[in-house]
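In what follows, a structure is listed as C-alpha cells, so that the remarks can point back to it.
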Amino acid sequence: MSVLDTKTLEKLAAEIGENIYIDIAKWRLYLAEAHLHTQLAEQLYPLLDQGDFSESEVQQVLQKIHVNLGGGKQTTSLVNLIPNAGIQDLVRILKDFQEDL
Numbered sequence: 001m002s003v004l005d006t007k008t009l010e011k012l013a014a015e016i017g018e019n020i021y022i023d024i025a026k027w028r029l030y031l032a033e034a035h036l037h038t039q040l041a042e043q044l045y046p047l048l049d050q051g052d053f054s055e056s057e058v059q060q061v062l063q064k065i066h067v068n069l070g071g072g073k074q075t076t077s078l079v080n081l082i083p084n085a086g087i088q089d090l091v092r093i094l095k096d097f098q099e100d101l
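Next up, the structure:
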C-alpha cells in the first residue's frame, strides 16, 4: 500500500468530501464544496500506510492544513473548523477505508 495510487486517493478524497464538513456559524460546508477534500486525503494517506493510528494523529494533520478566511484576511487550521463529531467521523472513515485496502 506504500505506492500512492491515484484511484485510491480519489476514492478516499470523495469519501471525505461527501461526509466531513466545516461548521461556520451553524452552516455546514462539506469539504468537497470547500475544495479541501483532496488536499486532506493526500495528507492523511500516510497514516493509512503506517498501520494503526490515533485520533490525535489525525488532529495533528488537520492542524497543519491552513484555511484562508475572508479572502485571506485571516487564516485558521482546519482542525478549528471541523466539529469534534466530524473528527470522530473522519477517523471512522479512515479506519473503514484502511480495512478495505
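Here the sequence shown stands for residues 1 to 101, numbered as in the UniProt record's numbering. Glycine included, every Cβ here is placed at the ideal spot set by N, Cα and C. Small disclaimer: the values here were computed from a predicted structure and weren't measured.
Rounded separation between residue i and residue j - CA only
i, j, result
"Q59", "P83", "11 Å"
"L81", "I20", "11 Å"
"K11", "I22", "20 Å"
"G70", "S77", "14 Å"
"T6", "A25", "35 Å"
"G72", "L36", "15 Å"
Pick from the options that is closest to residue i, judged by C-alpha positions
i, options, result
"K64", "G70, Q88 and S56", "S56"
"residue 153", "G70, T76, N80 and F53", "Residue 153 lies beyond the residue range present for the chain, which begins at 1 and ends at 101; the question has no answer from this structure."
"T8", "T76, I87, D89 and T38", "T38"
"F97", "L36, K26, A41 and E33", "A41"
"P46", "K73, V61, W27 and Q74", "V61"
Outcome for residue i when other beta-carbon atoms lying within 10 angstroms are tallied against a minimum of 16
i, result
"S2", "In this prediction, S2 has a pLDDT of 48, which is less than 50 and means its spatial position is unreliable; nothing more can be read from the coordinates."
"G17", "buried"
"L101", "exposed"
"L29", "exposed"
"A13", "buried"
Presumed contact (8 Å Cβ cut-off) between residue i and residue j, rounded CB distance
i, j, result
"E15", "I87", "Going by Cβ atoms, the distance from E15 to I87 rounds to 15 Å, so no, they are not a contact pair."
Taking only runs of the alpha helix (DSSP H) that begin and end inside the segment 3-58, which ones reach a length of at least 4 residues, in chain order?
6-19 and 37-50
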